[in-house]
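In the working numbering, the protein residues as written are 1196 to 1373.
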């Protein structure tokens, strides 16, 4: 199993456990966070970039596959707002790979793993051309004018999903405006 941490900071020699940003994953103590390779594409963006990510699961209906995926395309998609596209294309990230020995699974659906011990990364690599890096994982990269209509449609579907940093998204369109 391969575990990763994505950062905008270079040269982190040791990751110290820190308080969780929220209790969404059911973790309340100080930990080092990691993500499994299977959902790494969801995090190959600048930290504050809002995104809607979704993928087919065993519970996904054929109708939802037809609705959300282009025939023959990957069944994992990462979508950002067009307003973020230039920043994403210019950004460079650092990908830290962690030895899995001290990690335990925190959330299987989200592919979150945690270590309560400090972690020294086994490898640090630079990641440029983030859309290409996302697609290299087997996911599709898309942009849309607003994430909200897609977020609502995905939420009502049978897809597996993650909505990340939506507080940084453009305001939800006013339904009264048409």
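No residue lacks a Cβ here, since even glycine has one placed at the ideal position from N, Cα and C.
Bear in mind the structure is a predicted one, so any value in this text is a computation, not a measurement.
Residue i versus residue j - alpha carbon distance
i            : j            : result
residue 1215 : residue 1340 : 31 Å
residue 1287 : residue 1369 : 34 Å
residue 1304 : residue 1253 : 12 Å
residue 1249 : residue 1324 : 21 Å
residue 1321 : residue 1244 : 18 Å
residue 1366 : residue 1313 : 38 Å
residue 1329 : residue 1276 : 15 Å
residue 1235 : residue 1362 : 21 Å
Cβ neighbour criterion (16 or more within 10 Å) applied to residue i
i            : result
residue 1350 : exposed
residue 1355 : buried
residue 1364 : buried
Range of the contiguous alpha helix (DSSP H) that encloses residue i
i            : result
residue 1282 : 1280 to 1285
residue 1259 : 1257 to 1263
Integer Cβ distance of residue i from residue j, believed to fall under 8 Å
i            : j            : result
residue 1196 : residue 1294 : So it is not a contact: roughly 10 Å between Cβ atoms.
residue 1255 : residue 1353 : 5 Å
Residue span of the beta strand (DSSP E) that contains residue i, given as start and end
i            : result
residue 1337 : 1335 to 1339
Give, in chain order, every unbroken run of the alpha helix (DSSP H) that is at least 4 residues long and sits entirely within the stretch 1207 to 1250. Listed in chain order, there is nothing to give.
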